[in-house]
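This note's numbering numbers the first residue of the sequence shown as 6 and each following residue consecutively.
Cβ atoms here follow ideal geometry from the backbone N, Cα and C, with glycine treated the same way.
Quick caveat, the model's predicted, so the values are computed rather than measured.
To keep things clear, I will list the structure first and then write my remarks on it.
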Amino acid sequence: MPKTVIRTSGKQILDPQGNNLIIRSIGTGNWMLQEGYMMQTSGVAGTQWEFRKKLTETIGAEKTNQFYTAWLDNHFRKVDVDSMAKWGFNCVRPALHYKLFTLPIEEETVSGSNTWLESGFARLDSLVSWCAANKVYVLLDMHGAPGGQGKDAAISDYDASKPSLWESEANKAKLVALWRRIAERYANNPWIAGYDLLNETNWTFPEGNNSQLKALYARITTAIREVDPNHMIVIEGNWFANDFSGLTPAWDSNLTYSFHKYWTNNDAGVIKWVLDLRNSTNCPIWLGESGENSNRWFTDCIELMEKNNIGWSFWPVKKSGINNVLRVKTNSDYTDLINYWKGTASKPTAEKAFAAVMTFAENHKLENCIVQRDVIDAMIRQPQTTETKPFKAHTTASTIYAVDYDFGRAGFAYSDKTDADYHLSNNGNYTAWNNGYAYRNDGVDIETCSDATTCGYQVGWIEDGDWMQYTLQSTEAMTYNLLLRYASESSNAKVYVEVNGKRASKTVTLSPSGSWSTWKTGAIVNVIIPAGTVKVKIVFETGGINFNYFQLKNPKTVVN
């Protein structure tokens with residue numbers, strides 16, 4: 006095995022220098038294969054082929070092709086890779102759709118032939134070159150295989166009216182040929198981390214086991230090894246990557262088993278089964294996909310993985326919503342188009358529909374996204390430390406908005422009774438960690454704010470015992486009145502202040518303002534703020550208010 010590529014050694018993944026490597030990856034999500042939930046079309050166009058069909062019916066084939074070119078051009082670019090590297094990721098896992106590289110079997114003019122689409126390979130070449138320039142690895146993931154590998158159609162663009170991967174020898178042969186073509190192209194590229202042969206198969210095989218999956222994996226491995234003896238093979242189990250029955254022992258000396266993890270507890274018991282897999286096979290394991298949760302969950306999951314020498318890849322890099330590295334803004338005319346398809350809005354003109362999807366594509370450029378720095382911090386820094394750091398630069402003269410509490414773990418930067426979703430470990434009961442689903446991805450509940458002075462957001466749904474911490478700079482020790490801006494409908498709230506971990510005020514009762522949008526200012530007097538970097542914690546003994554901001558007013562010299 007040449008020492009120029011990532012490779013396995015027993016239970017470890019090693020970098021080209023032979024050092025233990027923890028892969029910290031981001032998945033490209035919706036770029037090369039559109040999934041309905043990210044396109045906001047679940048229930049009406051859950052798969053890419055359905056979305057494309059509806060769009061073609063609405064705006065015509067030519068404009069649909071223009072949209073897809075813009076989509077691929079905008080969604081993931083060199084600036085995205087530059088940013089991922091800067092933020093601390095060392096790998097990108099692109100979700101590949103076979104249709105970018107070859108024709109479907111029903112479109113081949115000669116049965117059994119493979120028409121190769123150079124435009125798709127050129128896009129992949131560009132991604133690899135961007136990653137190489139940043140010393141970031143690429144782990145290629147076959148997300149959508151010929152025919153589709155699972156009945157959860159959105160994941161693989163499966164069309165039940167056509168033979169699946171498992172029902173067609175022609176589809177299997179095309180997949181084997183495609184992997185051989187990819188491996189031949191990148192056989193000597195040091196920035197390819199490996200080949201993830203098939204994403205999230207979810208199929209009931211008539212044999213009642215995974216023998217068909219094992220046989221196909223073996224065929225693909227043989228084809229790859231004919232042209233590339235170097236790169237790591239990554240194997241996912243059936244049933245969304247987690248059923249490895251029949252897929253052991255390893256049939257290749259450079260093979261890693263990849264499991265996926267969503268919405269489960271983050272403790273040793275949850276991953277015991279996959280640690281046992283590693284021990285029994287003497288092969289590395291890798292968390293090839295995870296995400297779609299809160300910052301608390303992200304930090305706890307990644308900490309658990311890294312303590313057990315397991316690398317990870319989080320999904321997706323961008324979409325609408327707060328729980329991604331990049332938040333995409335959804336234009337209203339795009340929503341109108343989707344509502345038309347759902348039958349709840351009037352039909353737009355072809356010109357308006359085209360403008361809507363082109364704007365949506367433009368919104369996916371990194372510079373048009375909102376960078377969720379709290380998500381990045383939760384993935385990269387927080388698993389290594391309990392230290393907090395300022396979310397924004399605050400001073401004693403600042404209006405300090407409630408939503409701008411420190412970066413940091415739950416229990417260190419904030420406390421909220423509900424801060425993650427564990428519904429697969431909790432009888433299927435989904436839990437909203439941020440009830441307003443706005444601004445930040447922590448357990449703190451945030452919604453839009455209508456007060457005259459506002460950053461646009463407020464903390465709501467405050468419960469007994471909730472608190473947030475704010476780091477500020479103080480030039481000299483002074484005593485202040487802390488003025489807290491709040492709204493409440495009918496109940497009293499009780500609040501006090503801690504400074505640098507020690508109680509710094511009496512408990513103050515905040516009487517109702519009359520409604521959730523009628524704002525009032527309460528005062529917590531004689532709060533001493535020392536000189537230097539100061540951590541101020543607003544603690545709610547009793548909740549029941551909306552919290553907008555606080556200010557430090559009427560400074561007085563501290564008398565010793």
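Nearest to residue i by alpha carbon, out of the options?
{"i": "Y142", "options": "G32, G461, R490", "result": "G32"}
{"i": "E367", "options": "Q53, Y73, G15, N25", "result": "Y73"}
{"i": "K561", "options": "N553, I229, D146, V532", "result": "V532"}
{"i": "V563", "options": "P535, K540, C96", "result": "P535"}
{"i": "T514", "options": "A50, H399, N497", "result": "N497"}
{"i": "T63", "options": "G23, V362, P21, S116", "result": "V362"}
{"i": "H102", "options": "M89, R490, V541, L202", "result": "L202"}
{"i": "Y501", "options": "N486, E494, S493", "result": "N486"}
{"i": "W76", "options": "A90, R57, G65, M89", "result": "R57"}
{"i": "S495", "options": "K511, G519, L129", "result": "G519"}
{"i": "N314", "options": "A482, I276, G326", "result": "I276"}
{"i": "L144", "options": "G155, P99, Q154", "result": "P99"}
{"i": "T209", "options": "G155, R386, I27, A437", "result": "G155"}
If you draw a straight line from the alpha carbon of residue i to that of residue j, how long is it in whole angstroms?
{"i": "V138", "j": "V322", "result": "A quick correction: the sequence has Ala, not Val, at residue 138. Cα-Cα distance, rounded: 20 Å."}
{"i": "I240", "j": "Y200", "result": "9 Å"}
{"i": "N79", "j": "N373", "result": "10 Å"}
{"i": "N551", "j": "A425", "result": "21 Å"}
{"i": "P7", "j": "G93", "result": "For P7, the predicted model reports a pLDDT of 47, less than 50, meaning its position is unreliable and no value from the coordinates is stated."}
{"i": "G461", "j": "A443", "result": "10 Å"}
{"i": "M237", "j": "S258", "result": "9 Å"}
{"i": "L309", "j": "Q389", "result": "11 Å"}
{"i": "V330", "j": "D471", "result": "26 Å"}
{"i": "N328", "j": "D338", "result": "23 Å"}
{"i": "D273", "j": "S403", "result": "For the record, residue 273 in the displayed sequence is Ala; it is not Asp. C-alpha separation (whole angstroms): 43 Å."}
{"i": "Y427", "j": "A355", "result": "43 Å"}
{"i": "S4", "j": "S522", "result": "What is shown of the chain runs 6 to 565, which leaves residue 4 out entirely."}
{"i": "Q39", "j": "D146", "result": "14 Å"}
{"i": "T401", "j": "Q478", "result": "7 Å"}
{"i": "D87", "j": "A509", "result": "44 Å"}
{"i": "L260", "j": "I225", "result": "13 Å"}
{"i": "I18", "j": "I307", "result": "17 Å"}
{"i": "V133", "j": "K177", "result": "26 Å"}
{"i": "T463", "j": "I451", "result": "What sits at residue 463 in the sequence shown is Gln, not Thr. Straight-line Cα distance between these residues: approximately 6 Å."}
{"i": "G117", "j": "D164", "result": "20 Å"}
{"i": "A398", "j": "V539", "result": "12 Å"}
{"i": "W171", "j": "G348", "result": "35 Å"}
{"i": "S285", "j": "Q71", "result": "51 Å"}
{"i": "Y267", "j": "T436", "result": "13 Å"}
Is it the case that the Cβ atoms of residue i and residue j are separated by a distance below 9 Å?
{"i": "F303", "j": "G293", "result": "no"}
{"i": "I160", "j": "E189", "result": "no"}
{"i": "A415", "j": "D409", "result": "no"}
{"i": "G548", "j": "L488", "result": "no"}
{"i": "A418", "j": "N553", "result": "no"}
{"i": "W36", "j": "F81", "result": "yes"}
{"i": "K59", "j": "N95", "result": "no"}
{"i": "W317", "j": "W291", "result": "yes"}
{"i": "D85", "j": "L371", "result": "yes"}
{"i": "N287", "j": "K16", "result": "yes"}
{"i": "Y491", "j": "W524", "result": "yes"}
{"i": "I110", "j": "S173", "result": "yes"}
{"i": "G149", "j": "K167", "result": "no"}
{"i": "N194", "j": "W244", "result": "no"}
Kindly indicate the opening and closing residues of the alpha helix (DSSP H) around residue i.
{"i": "D569", "result": "In this structure the chain extends from 6 to 565, so residue 569 is not present and cannot be described."}
{"i": "I381", "result": "378 to 385"}
Residue i lies in the beta strand (DSSP E); which residues open and close that run?
{"i": "K266", "result": "260 to 266"}
{"i": "S173", "result": "Run containing S173: none; DSSP gives neither H nor E here."}
{"i": "A198", "result": "197 to 201"}
{"i": "I315", "result": "Run containing I315: none; DSSP gives neither H nor E here."}
{"i": "W521", "result": "520 to 534"}
{"i": "K542", "result": "537 to 547"}
{"i": "K561", "result": "551 to 562"}
{"i": "V504", "result": "498 to 504"}
I want to see whether chain C comes within less than 9 Å of residue i, judged by CB atoms only; does it?
{"i": "P395", "result": "No chain C appears in this structure, which consists of one protein chain only."}
Curious, which full-length beta strand (DSSP E) runs of at least 3 residues does the stretch 90 to 171 contain?
96 to 98, 100 to 102, 142 to 149
In chain order, which continuous runs of the alpha helix (DSSP H) of length 4 or greater are located wholly inside the stretch 27 to 85?
41 to 44, 53 to 64, 66 to 80
What alpha helix (DSSP H) runs, 4 residues minimum, are completely inside the stretch 231 to 306?
243 to 246, 273 to 286
Quick one: complete alpha helix (DSSP H) runs, 4+ long, within the stretch 324 to 387?
337 to 347, 355 to 368, 378 to 385
Please specify which runs of the alpha helix (DSSP H), each continuous and at least 4 residues long, are wholly inside the stretch 407 to 462, giving them in chain order.
none
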